[in-house]
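First the structure, in the form of structure tokens, and then the observations on it.
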Amino acid sequence: MLDFLPPIYREIAEIAGLDAVMKLGAAKGGTRVFIPRPEHCGPEHWLRFAVGEAAAQAICNWRGGEDIVLPVAPQNTPAGRRRLALAALEAGASANEAAAKAGVHVRTIYSYRARDLVKSNQLSLFDD
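Under the numbering used here, the final residue of the sequence shown carries the number 129; numbering is consecutive throughout.
What follows is the structure, given as structure tokens:
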């Protein structure tokens with residue numbers, strides 16, 4: 002389900018959750034950031050503000066004391082928004098929930114569903 006994410010974001014999603022990836026990407030995507038060691042990630046640190054205390058601790062335990070380059074946030078590209086929406090729908094989200102998660106209009110979700118339905122009904126030109 003996380004195959005659409007760049008490798009660094011996949012790793013973060015595995016240890017801190019997809020929500021933390023989206024928040025981190027929105028806050029610092031496209032930049033190089035320093036991840037502090039767990040003991041230096043106090044209540045006023047930007048990472049805690051960006052992703053919350055539990056996710057920040059998980060990220061600090063994972064790569065504390067290192068610089069990492071964060072790709073542009075997945076939700077900041079059309080393809081990324083589409084993948085987020087489809088992943089949310091696959092996970093059982095409603096159209097409204099998927100739209101909120103991907104940052105698109107609910108009508109866009111209906112369009113995604115319609116396109117996928119057409120694709121799934123289309124016959125292959127080649128034998129499988």
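For glycine and all other residues, C-beta sits at the position ideal for the given N, C-alpha and C.
Check: Counting along the chain, where does the beta strand (DSSP E) carrying residue 20 start and finish?
Finding: On the sequence shown, residue 20 is found 19 positions in, with the first residue counted as 1. Premise fails: residue 20 lies in the alpha helix (DSSP H), 19-29, not in any beta strand (DSSP E).
Notebook entry, point to check: Given that a residue counts as buried once 16 or more other Cβ atoms are within 10 Å of its Cβ, and exposed if not, what is residue 79?
Noted result: Against the sequence shown, residue 79 aligns to sequence position 78. Label assigned to residue 79: exposed.
Notebook entry, point to check: Which residues share a DSSP beta bridge with residue 35?
Noted result: Reading the sequence shown from its first residue, position 34 is the one you call residue 35. Looking at the DSSP assignment, residue 35 forms a beta bridge with 68.
Note to self: Am I right that residue 87 and residue 29 are in contact with their C-beta atoms under 8 Å? What's the rounded C-beta distance?
What the structure shows: Locating residue 87 in the sequence shown gives position 86, where the first residue counts as 1. Locating residue 29 in the sequence shown gives position 28, where the first residue counts as 1. Incorrect: roughly 25 Å between the Cβ atoms, too far for contact.
Notebook entry, point to check: Which residues in the same chain as residue 66 place their Cβ atom closer than 8 Å to its Cβ, once the five residues preceding and following it in sequence are excluded?
Noted result: The residue labelled residue 66 in the question sits at position 65 within the sequence shown. Contacts found: 36, 37 and 38.
Notebook entry, point to check: Any idea if residue 84 is buried or exposed, counting beta-carbon neighbours within 10 angstroms, 16 or more meaning buried?
Noted result: Residue mapping note: residue 84 aligns to position 83 of the sequence shown, counting from 1. That one is buried.
Next item on the list: Whole angstroms is fine: what's the gap from residue 62's alpha carbon to residue 74's?
Entry: Taking the sequence shown and counting its residues from 1, the one referred to as residue 62 is at position 61. Taking the sequence shown and counting its residues from 1, the one referred to as residue 74 is at position 73. Answer to the nearest angstrom: the Cα atoms are 22 Å apart.
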